[in-house]
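Trainee:
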Amino acid sequence: MRWNRLLVFFMATVLLPCCDVFLPDIGGSGEQCADNGDCMDDLVCNFNECGPPKGLGEKCDESKQYNEHPVCENSLWCIDGVCVEAGGEGQPCLYYVEWDEEVGCDDGLHCIHGTCTGPLPDTVQQPNSSKVWTRCPVGMQWIEWNCTGTATDLLWSDVLSSCPSGFQVPSLNDFIQIIVDCDSSVINHSVYGGECNSCSESPKCDEIFTNDPTNSGNIGGGEVKSETYWTRTVGKVIDEVQYAFMIDFDGGYDCVETVANPDLSQALVLCIKY
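Per our numbering, the sequence shown starts with residue 176, numbered consecutively.
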């Protein structure tokens with residue numbers, strides 16, 4: 176009996192590692208898997224089963240898109256559960272929020288609303304309106320996907336001449352139309368200001384001045400939605416002081432301010448074209 180046990184031990188420790196014939200076919204076609212590393216050779220893990228990459232129009236497992244080997248063959252991408260051609264402008268793509276990654280677009284393009292899109296223009300049209308806004312405050316330039324440069328803090332005396340040709344400083348009403356839940360003192364242009372929601376909490380404002388068209392958190396204008404901007408609207412004169420209105424895009428409180436001496440106060444400027 177003792178010699179039998181020694182023989183079994185010897186075969187297990189010496190002979191078996193040298194021989195593949197006794198080992199099961201792990202990771203072969205049809206075998207269960209958790210990711211591509213569980214599959215042999217050029218097989219990939221689709222729907223937890225090892226097999227060859229899927230072809231054009233075949234169903235695929237999007238959750239395995241980021242494995243070592245693509246779940247679709249050649250240059251195909253798994254989008255909405257189907258292997259499709261992607262890459263060029265206008266072709267489908269995916270953005271994964273959890274990984275802060277977009278897939279399926281060629282260099283220079285970004286995935287916006289499921290479509291590969293080229294660089295955006297430096298202006299954006301207000302939804303359901305003919306009004307056009309500049310994406311960036313005065314002093315900054317929209318280059319491909321970013322507001323670059325330094326926004327200029329301006330005194331009231333310099334504001335009305337600050338916009339490029341064809342544009343002007345928005346009125347308080349222009350801002351009210353894109354920011355929701357402004358109180359009556361704002362709507363009535365009270366000299367004491369009032370409250371509105373923040374730009375980020377207002378769908379139209381958020382869409383126009385989104386810091387990041389892809390929602391990835393690292394593309395676009397940075398603080399555009401968290402600054403205070405001049406309007407061209409002025410209030411009545413009280414004790415020989417002219418009041419001018421500002422709009423605060425951040426925080427949802429004190430969104431409209433009046434300035435007792437506009438020449439001593441500074442704010443940024445966005446521009447609008449009607």
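Beta carbons: idealized from backbone N, C-alpha and C, even for Gly.
Keep in mind that this is a model prediction, so the values were computed, not measured.
Can you tell me whether Lys-239 is buried or exposed, with buried defined as 16 or more other CB within 10 angstroms of its CB?
Mentor: buried
Trainee: Going by DSSP, what residues sit across from Tyr-449 in a beta bridge?
Mentor: Partner(s): none; Tyr-449 has no beta bridge.
Trainee: What three-state label does DSSP hand Trp-468 in the structure shown?
Mentor: Outside the displayed range of the chain (176 to 449) lies residue 468, so it cannot be described from this structure.
Trainee: What does a CB cutoff of less than 6 angstroms around Leu-198 pick up in its chain, not counting 5 residues either side in sequence?
Mentor: Any reading at Leu-198 must be qualified, since the residue scores a pLDDT of 43, below 50, and its modelled position is unreliable; no value is offered.
Trainee: Rounding to the nearest angstrom, what Cα-Cα distance links Asp-423 and Cys-430 in this structure?
Mentor: 4 angstroms
Trainee: Return helix, strand or coil for Trp-320, following the three-state DSSP convention.
Mentor: coil
Trainee: I'd like to confirm the pairing. Which residues does DSSP put opposite Lys-229 in its beta bridges?
Mentor: Cys-247
Trainee: Within 8 angstroms, do at least three Cβ pairs link the segment 360-375 to the segment 441-448?
Mentor: Too few Cβ pairs lie closer than 8 angstroms, so no.
Trainee: Starting from Lys-411, trace the beta strand (DSSP E) both ways and give me its first and last residue.
Mentor: The continuous beta strand (DSSP E) containing Lys-411 extends over residues 403-413.
Trainee: Taking Pro-296 as the reference, which of Asn-303, Cys-280, Glu-319 has the closest Cα?
Mentor: Of the candidates Asn-303, Cys-280, Glu-319, the one whose C-alpha sits nearest the C-alpha of Pro-296 is Glu-319.
Trainee: From Val-299, Asn-249, Val-307, Arg-407, pick the residue whose C-alpha is nearest to that of Asp-333; which is it?
Mentor: Arg-407
Trainee: Please identify the residue among Asp-438, Gly-226, Glu-398 whose C-alpha is closest to the C-alpha of Asp-425.
Mentor: Glu-398
Trainee: Roughly how many angstroms lie between the CA atoms of Gly-265 and Thr-325, to the nearest whole one?
Mentor: 33 angstroms
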